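Residue numbers (my numbering), protein chains in the order written: chain X, 240 to 350; chain F, 15 to 126.
Have a look at the structure below, then the notes.
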Amino acid sequence: AQSVTQLGSHVSVSEGALVLLRCNYSSSVPPYLFWYVQYPNQGLQLLLKYTTGATLVKGINGFEAEFKKSETSFHLTKPSAHMSDAAEYFCAVNLNTPLVFGKGTRLSVIA
Amino acid sequence: DTEVTQTPKHLVMGMTNKKSLKCEQHMGHRAMYWYKQKAKKPPELMFVYSYEKLSINESVPSRFSPECPNSSLLNLHLHALQPEDSALYLCASSPPGGDTQYFGPGTRLTVL
Numbered sequence: 240a241q242s243v244t245q246l247g248s249h250v251s252v253s254e255g256a257l258v259l260l261r262c263n264y265s266s267s268v269p270p271y272l273f274w275y276v277q278y279p280n281q282g283l284q285l286l287l288k289y290t291t292g293a294t295l296v297k298g299i300n301g302f303e304a305e306f307k308k309s310e311t312s313f314h315l316t317k318p319s320a321h322m323s324d325a326a327e328y329f330c331a332v333n334l335n336t337p338l339v340f341g342k343g344t345r346l347s348v349i350a
Numbered sequence: 015d016t017e018v019t020q021t022p023k024h025l026v027m028g029m030t031n032k033k034s035l036k037c038e039q040h041m042g043h044r045a046m047y048w049y050k051q052k053a054k055k056p057p058e059l060m061f062v063y064s065y066e067k068l069s070i071n072e073s074v075p076s077r078f079s080p081e082c083p084n085s086s087l088l089n090l091h092l093h094a095l096q097p098e099d100s101a102l103y104l105c106a107s108s109p110p111g112g113d114t115q116y117f118g119p120g121t122r123l124t125v126l
């Protein structure tokens with residue numbers, strides 16, 4: 240069975256600082272991996288995804304993530320946080336099954 | 015058209031009411047999904063339709079009744095709901111053989 244663990248339910252960074260949101264997955268074979276962002280009272284927006292190929296994936300809004308098979312990780316990063324990045328972030332995995340979500344990480348950005 | 019739309023945006027209903035949520039996409043996607051999301055939690059899968067046929071029902075109570083009239087439309091019929099059913103209901107779709115789900119903005123449901 241697949242599962243996703245997001246380390247840290249809440250991460251707080253200063254505006255302009257590095258954003259690092261952690262995601263580890265459990266799967267017998269490399270799955271497809273996704274990061275979604277959810278702003279208050281809105282749906283989920285796809286930030287980026289890894290399926291096959293290049294392990295460093297670039298997404299929207301300056302975010303990127305790197306698939307590391309040896310570490311079973313897919314951490315999300317952004318070099319410089321902006322106030323508008325404050326939101327809930329979900330890591331998700333699937334491999335021939337419906338999406339399995341992590342519990343989410345709430346990102347706060349301090350001015 | 016690259017989006018999933020949901021109506022209504024907000025819905026307040028009593029426990030004896032019958033209402034429906036609507037989801038629409040015109041991206042040619044052949045899988046459509048209903049999720050329920052409580053505050054500060056990830057979405058929970060309720061139903062999956064694949065090529066207009068119900069393929070997954072995650073043991074959802076019968077007071078929730080999904081319907082997929084055609085490849086672009088997905089409904090969720092609600093009857094005799096409980097206050098604990100209050101949540102954000104999200105619809106999503108994915109392309110044939112595809113792995114990526116695209117979500118709508120959700121319907122905020124309040125059951126009084």
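Even glycine gets a Cβ: it sits at the ideal position worked out from N, Cα and C.
Keep in mind it's a predicted model, so treat the numbers as computed, not measured.
Nearest-angstrom Cβ-Cβ length linking F/Thr121 and F/Lys23, presumed shorter than 8 Å | 7 Å
Given a threshold of 16 other Cβ atoms within 10 Å of its Cβ, counted over all protein chains shown, does X/Ala293 qualify as buried or as exposed?
-> exposed
Whose C-alpha, out of F/Ile70, F/Lys36, F/Pro119, F/Val125, is nearest the C-alpha of F/Leu95?
-> F/Val125
Show which residues of chain X have a CB atom less than 8 Å away from the CB atom of F/Val62.
-> Pro337
Between the region 314-342 of chain X and chain F, which residues of the former have CB atoms less than 7 Å from a CB of the latter, in chain order?
-> Phe329, Asn333, Pro337, Leu338, Phe340, Gly341, Lys342
With a floor of 3 residues, list each beta strand (DSSP E) that falls wholly inside the region 243-272 of chain X, ordered by position along the chain.
-> 249-253, 258-265
With distances taken from CA atoms, which of F/Val18, F/Thr19, F/Glu17, F/Leu25 is nearest F/Pro97?
-> Distances from the alpha-carbon of F/Pro97 to those of F/Val18, F/Thr19, F/Glu17, F/Leu25 put F/Leu25 closest.
How would you list, in chain order, the residues of chain F whose beta-carbon sits under 7 Å from the beta-carbon of X/Lys288?
-> What X/Lys288 touches in chain F: Thr114.
Thinking C-alpha only, which one of X/Val276, X/Ile349, X/Thr291, X/Val348 is nearest X/Asn300?
-> Comparing Cα positions, the closest option is X/Val276.
Three-state secondary structure (DSSP) of X/Asn333 = strand
My understanding is that X/Thr244 touches X/Gly341, with C-beta atoms under 8 Å, so please give their C-beta distance in whole angstroms.
-> 6 Å
With a cut-off of 9 Å, does the C-beta of F/Arg122 fall near any C-beta of chain B?
-> Looking at the structure shown, chain B is missing, and the protein chains on hand are X and F.
Sort out for me which residues DSSP pairs F/Cys37 with in a bridge.
-> F/Gln20, F/Leu88
Contacting positions in the region 289-301 of chain X - beta carbon closer than 8 Å to chain F = From the region 289-301 of chain X, only Thr290 have a Cβ closer than 8 Å to chain F.
Straight-line gap, F/Thr114 to X/Asn280 (C-alpha atoms, nearest Å) | F/Thr114 and X/Asn280 have their alpha carbons spaced roughly 22 Å apart.
Residues from the region 251-275 of chain X in contact with chain F, defined by Cβ distance under 9 Å | Tyr271, Phe273, Tyr275
Identity of the residue in X/Phe329, X/Asn333, X/Arg345 nearest F/Pro56 by Cα | X/Phe329
Taking 9 Å as the CB-CB limit, is X/Leu283 close to chain F?
-> It does: the Cβ of X/Leu283 has a partner Cβ on chain F nearer than 9 Å.
DSSP state of X/Ser323, grouped into three classes?
-> helix
Element boundaries [beta strand (DSSP E), containing X/Ile349] = 344-349
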